[in-house]
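Working notes, beginning with the structure itself.
Residue numbers (the working numbering): 253 to 674.
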């Protein structure tokens with residue numbers, strides 16, 4: 253699903269509508285002040301509630317569909333293990349890069365976004381022990397976990413359910429998989445509809461409220477936050493992933509970059525790894541040189557569960573919010589943020605701005621909740637469009653790196669040995 257409508261006029265494109273809404277929100281907030289901010293604030297709250305409404309069904313259908321669609325068998329089991337191992341490794345590195353950058357730059361320290369630091373501070377969730385964390389992940393009642401939005405438990409159940417469905421006989425597997433695929437497509441359409449139709453109104457209200465209470469000082473923090481994220485994503489794209497390509501696959505990173513130019517451009521323009529998937533498969537098969545056996549397995553799964561850019565954004569974004577609030581996240585809370593972001597990024601559907609929805613999962617894990625948190629998330633949305641485009645590039649490129657490395661590990665030859673003519 254793409255935000256870009258072919259042939260549509262510029263003012264019909266979502267990123268321009270959000271930009272216009274943001275500009276109008278700045279003007280209206282500065283002119284109207286706090287009275288106007290109070291009058292329109294409920295629209296921003298409604299937008300945030302709509303995003304939270306779709307989290308559970310979106311995550312469940314996304315994970316179950318992605319995991320169950322891989323099938324069963326010894327060969328596929330080996331391929332599944334390699335693929336998930338690679339995806340967890342690169343997402344973990346992305347989270348670490350995000351934490352390092354946000355702790356170095358500290359874009360939220362001293363920032364005034366809605367006078368959030370004057371509000372009552374939340375009681376942070378801490379890791380009591382690894383055993384307690386494991387027990388929290390496994391739900392006693394999955395429906396209760398869904399009702400209470402215990403996302404780690406929901407993610408765990410979804411992964412286990414998807415794996416189990418993949419082991420069923422074909423007569424039983426296909427109806428179940430078809431149901432979840434239909435439900436996932438429905439949730440993707442609902443998510444896209446909320447973002448397309450409500451996001452401009454929500455952004456206007458949230459930015460107007462922000463400007464009415466803080467003035468233009470908020471944009472300094474948001475600009476530093478955006479630069480921090482760009483720096484982190486760039487490090488992961490140009491340092492972490494090339495090193496993984498070189499040391500795990502023995503592949504020339506520059507050659508791989510050149511072979512993946514077209515999917516990278518497509519990913520940046522659509523902000524959707526799902527929409528880019530056909531182009532990615534074509535490039536990895538015909539330019540990188542991986543077999544259809546590997547690409548048809550690794551890349552669709554990666555478009556669902558491998559979200560390096562999203563994982564980095566979630567870690568850095570949660571830390572930024574904590575800094576704005578004046579909350580000190582200790583090593584235990586930061587480790588919980590990393591762990592939750594790893595699992596939550598699995599459930600980030602391959603649609604534009606999915607990371608905006610999933611970040612609430614990570615915030616919930618350390619109990620960073622409340623109106624002030626929602627206001628900060630809304631302010632982050634104001635600069636999220638170009639960041640979302642860049643995150644998608646990272647997601648797609650990481651998928652292609654995984655396909656190349658796994659193809660090499662399966663004994664395939666000729667992987668990225670040349671750059672074919674266009």
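Note that CB positions come from ideal geometry on N, CA and C, so glycine has one too.
C-beta atoms of residue i and residue j nearer than 8 Å
i           : j           : result
residue 645 : residue 519 : yes
residue 459 : residue 302 : no
residue 316 : residue 398 : no
residue 635 : residue 478 : yes
residue 311 : residue 417 : no
residue 444 : residue 319 : no
residue 657 : residue 503 : yes
residue 647 : residue 571 : no
residue 633 : residue 565 : no
residue 449 : residue 306 : no
residue 405 : residue 427 : no
residue 573 : residue 628 : yes
residue 474 : residue 631 : yes
Spatial neighbours of residue i in its chain, beta-carbon cut-off 8 Å, leaving aside the 5 residues before and after
i           : result
residue 288 : 280, 281, 460, 464
residue 575 : 354, 358, 359, 360, 361, 363
residue 655 : 536, 540, 542, 546, 547, 550, 551, 554
residue 590 : 344, 347, 348, 351, 567
residue 369 : The predicted model places residue 369 with a pLDDT of 43, which falls under 50 and marks its position as unreliable, so this point remains unresolved.
residue 394 : 405, 406, 409
residue 373 : At residue 373, the pLDDT of 47 sits below 50, so the modelled position is not reliable; the number obtained from the coordinates is stated separately. Excluding sequence neighbours, residue 373 sits near 577, 578, 579.
Own chain partners of residue i with C-beta closer than 7 Å, once the 5 adjacent residues on each side are dropped
i           : result
residue 563 : 343, 346, 347, 593, 594, 597
residue 511 : 535, 539, 540, 668, 671
residue 661 : 334
residue 514 : 531, 535
residue 505 : 494, 497, 498
residue 340 : 594
residue 433 : 317
residue 528 : 515, 518, 519, 522, 648
residue 291 : none
Distance between beta carbons of residue j and residue i, contact taken as under 8 Å
i           : j           : result
residue 643 : residue 485 : 7 Å
residue 487 : residue 349 : 5 Å
residue 493 : residue 653 : 5 Å
residue 457 : residue 293 : 6 Å
residue 275 : residue 452 : With a Cβ gap of about 11 Å, residue 275 and residue 452 do not count as contacting.
Residues near residue i by beta carbon distance below 6 Å, same chain, minus five either side
i           : result
residue 659 : 542, 546, 667
residue 626 : 300
residue 371 : A caution first: residue 371 carries a pLDDT of 45, below 50, which makes its placement in the model too unreliable to give a value.
residue 234 : The structure shown does not extend to residue 234, since the chain is modelled only from 253 through 674, so no value can be given for it.
residue 663 : none
residue 476 : 359
residue 422 : none
residue 651 : 551, 554, 558
residue 400 : none
Heavy atom of the ligand ZN within 7 Å of residue i beta-carbon
i           : result
residue 642 : As far as ligands go, the structure on display features none, and thus does not contain the ligand ZN.
Chain C within 8 Å of residue i, Cβ atoms only
i           : result
residue 464 : In the structure shown, chain C does not exist; there is a single protein chain.
Looking at C-beta atoms only, is the number of pairs between the stretch 538 to 553 and the stretch 327 to 340 that lie closer than 8 Å three or more?
With the cut-off at 8 Å, the stretch 538 to 553 and the stretch 327 to 340 touch.
Contact between the stretch 610 to 621 and the stretch 271 to 285 (3+ Cβ pairs under 8 Å):
The stretch 610 to 621 makes no contact with the stretch 271 to 285; the number of CB pairs closer than 8 Å stays below 3.
Check whether the stretch 531 to 545 and the stretch 618 to 638 touch, using three or more Cβ-Cβ pairs below 8 Å as the test.
no
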